[in-house]
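S.K.: Mind looking over this structure? Questions follow.
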Amino acid sequence: MSSNDIIVSLDIGTSKVRAIIGEVVNGAINIIGVGSADSQGIRKGAIVDIDQTVQSIRNAVDHAERMVGIQIAEVYVGISGNHIALQSSHGVVAVSNEDREIGDDDIERVIQAAKVIPLAPEREIIGVVPNQYVVDGTDQIHDPRSMIGVRLEVEATIVTGTKTAIHNLLRVVEKSGLKVAGLILMSLAAGHLALSKDEKAIGTVLVDIGAGATTIAIFDENNMVATTTLPIGGEFITNDIAYGLRTQADVAEKIKLKFGCAIVEHAAADQVFKVNRIGSNVDKEFSQVDLANIIEPRVQEIFHLIGLEVQRLGFTELPGGYVLTGGTVSMPGMLAIAQAELASSVRIAVPDYIGVRDPAFTGGVGIIQYASKYLRSAKSGSSVKKTTGPASKKAAYSQEQKPSAMERFKNWLSEFI
Numbered sequence: 430m431s432s433n434d435i436i437v438s439l440d441i442g443t444s445k446v447r448a449i450i451g452e453v454v455n456g457a458i459n460i461i462g463v464g465s466a467d468s469q470g471i472r473k474g475a476i477v478d479i480d481q482t483v484q485s486i487r488n489a490v491d492h493a494e495r496m497v498g499i500q501i502a503e504v505y506v507g508i509s510g511n512h513i514a515l516q517s518s519h520g521v522v523a524v525s526n527e528d529r530e531i532g533d534d535d536i537e538r539v540i541q542a543a544k545v546i547p548l549a550p551e552r553e554i555i556g557v558v559p560n561q562y563v564v565d566g567t568d569q570i571h572d573p574r575s576m577i578g579v580r581l582e583v584e585a586t587i588v589t590g591t592k593t594a595i596h597n598l599l600r601v602v603e604k605s606g607l608k609v610a611g612l613i614l615m616s617l618a619a620g621h622l623a624l625s626k627d628e629k630a631i632g633t634v635l636v637d638i639g640a641g642a643t644t645i646a647i648f649d650e651n652n653m654v655a656t657t658t659l660p661i662g663g664e665f666i667t668n669d670i671a672y673g674l675r676t677q678a679d680v681a682e683k684i685k686l687k688f689g690c691a692i693v694e695h696a697a698a699d700q701v702f703k704v705n706r707i708g709s710n711v712d713k714e715f716s717q718v719d720l721a722n723i724i725e726p727r728v729q730e731i732f733h734l735i736g737l738e739v740q741r742l743g744f745t746e747l748p749g750g751y752v753l754t755g756g757t758v759s760m761p762g763m764l765a766i767a768q769a770e771l772a773s774s775v776r777i778a779v780p781d782y783i784g785v786r787d788p789a790f791t792g793g794v795g796i797i798q799y800a801s802k803y804l805r806s807a808k809s810g811s812s813v814k815k816t817t818g819p820a821s822k823k824a825a826y827s828q829e830q831k832p833s834a835m836e837r838f839k840n841w842l843s844e845f846i
């Protein structure tokens with residue numbers, strides 16, 4: 430098994446850290462290993478304790494390594510959070526080859542040209558996502574390689590984040606003994622896996638409901654046009670259960686996973702369980718109906734807030750409706766409440782791979798698919814190619830000044846060609 434055929438994704442979530450090993454064979458992906466560990470040091474999607482997070486990553490990676498029998502050296506890391514921002518950009522260069530055939534170097538230069546944008550001092554470029562290329566005025570080109578032209582342009586979306594969040598993420602991965610092969614926006618990767626071409630084209634909302642946060646990404650005309658993060662998720666349901674049943678949070682989480690139901694009408698009165706209550710030595714018995722009465726109002730609130738946030742972003746009645754993913758949506762009844770609250774077509778996306786057929790794995794498997802298509806292939810001039818080199822302690826993801834100045838000159842020069 431060649432290491433070149435192996436792609437490993439790392440999804441650092443609020444409740445779980447997941448390491449997924451994918452093997453690429455003739456362009457097809459097989460999931461051959463999955464490692465999962467309880468997440469420590471993460472609150473609402475943000476790193477709050479470096480050492481605890483490092484230990485969680487090591488536990489997940491060790492689990493995956495033991496399953497497959499290989500040693501993981503580098504990983505593609507998913508990044509998300511409310512610090513992420515999207516910005517449109519335009520790059521233009523003159524084709525450098527004498528025969529005017531567009532090659533990888535030209536793609537690389539035009540991507541670098543698109544990265545020359547004004548940025549606040551505290552922000553950093555995570556990646557560049559090309560929306561379309563333009564060759565001598567002809568637009569809607571997705572791969573201009575081998576085409577003949579004089580002037581090459583790109584319309585791109587620049588993904589930026591705060592330096593603090595980026596560097597802390599890089600730091601915990603490096604302290605875990607791993608090399609960062611690339612940072613990939615989780616919502617972009619999840620959308621690549623969960624949404625069909627038609628859904629991306631007509632307009633669809635992808636909602637990833639995790640434990641500590643909910644990420645909303647809107648795709649329209651084949652591109653991701655907006656993303657935002659709400660500080661709500663499955664932990665809120667767990668906290669309500671812990672408060673309502675007067676028990677510890679870890680006990681409430683286990684009860685939620687085993688007996689949770691989001692709709693009171695669908696709950697079974699004869700399905701009962703005992704709970705060790707705080708301040709009492711006697712276990713008290715509850716039914717699934719009691720549990721559903723606690724869960725249903727919170728789930729309704731979560732989807733109500735999601736609908737309001739999508740409206741705030743300026744999108745209403747997207748033809749593709751909503752696609753749900755993330756570990757929290759696995760609970761029975763979630764889909765029905767989402768359809769009622771959002772008043773739209775809603776479906777749940779599940780990865781179609783053996784061993785990871787659960788909405789919680791959508792982001793991690795999406796990273797592998799995205800990296801395989803855009804970052805590891807020979808024709809990857811797009812995406813975050815420049816941000817996927819080996820990470821250094823000074824973060825190789827920062828914007829370089831010299832190339833930027835040179836690109837400004839090239840852009841100016843190309844206007845006259």
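All residue numbers for the sequence shown refer to our numbering, where the first residue is 430 and numbers rise by one. Every residue gets a Cβ at the ideal spot worked out from N, C-alpha and C, and that includes glycine.
1. Is the separation between the beta-carbon of glycine 620 and that of threonine 757 shorter than 8 Å?
2. Can you have a look at leucine 737 and say buried or exposed, based on whether 16 or more other CB atoms are within 10 angstroms of its CB?
3. For aspartate 440, list the residues DSSP reports as bridge partners.
4. Residues in the same chain with beta-carbon distance under 6 Å from valine 446, minus the five sequence neighbours each way, listed in chain order, please.
5. Can you tell me which residues form a DSSP beta bridge with asparagine 652?
6. State the CB to CB distance for the pair valine 602 and alanine 543, rounded to an integer number of angstroms; the pair is presumed to be in contact (CB under 8 Å).
7. Quick check on DSSP: helix, strand or coil for lysine 703?
8. Hey, would you say isoleucine 471 sits closer than 8 Å to isoleucine 450, going by beta carbons?
9. Residue ranges of each alpha helix (DSSP H) run of no fewer than 4 residues wholly in the region 456-537, ordered along the chain?
10. Figure out for me which residue from Ala642, Val704, Arg776 has the closest Cα to the Cα of lysine 473.
11. Just to confirm the assignment: which complete beta strand (DSSP E) runs, minimum length 3, are found wholly within the region 550-626?
12. Who does glutamate 714 pair with in a DSSP beta bridge?
13. Leaving aside the five residues before and after arginine 552 along the sequence, list all residues of the same chain whose C-beta is less than 8 Å from its C-beta, in chain order.
14. Under 8 Å between the Cβ atoms of leucine 622 and glycine 795?
15. If you draw a straight line from the C-alpha of valine 557 to the C-alpha of leucine 599, how long is it?
16. Ends of the beta strand (DSSP E) at aspartate 637?
17. Look at the Cβ atom of valine 728, then the Cβ atom of isoleucine 766, and state whether they are nearer than 8 Å.
18. State the beta-bridge partners of leucine 659 as determined by DSSP.
19. Once the 5 residues before and after valine 739 are set aside, which same chain residues still bring their CB inside 6 Å of it?
20. Assuming valine 794 is part of the alpha helix (DSSP H), what are its boundary residues?
21. Give me, in chain order, the residues of the same chain whose beta-carbon lies closer than 7 Å to that of proline 780; leave out the 5 immediate sequence neighbours on both sides.
M.R.: So, from the listed chains and residues:
1. no
2. exposed
3. Arg447
4. Ala466, Ser468, Ser485, Ile486, Ala489
5. Asp649
6. Rounded, the Cβ-Cβ distance is 27 Å, inconsistent with contact.
7. strand
8. no
9. 479-497
10. Ala642
11. 552-564, 567-570, 580-591, 608-614
12. Lys703
13. Ala514, Thr589, Gly590, Thr591, Lys592
14. yes
15. 18 Å
16. 633-638
17. yes
18. Thr643
19. Val634
20. 791-799
21. Leu622, Arg786, Phe790, Thr791, Val794
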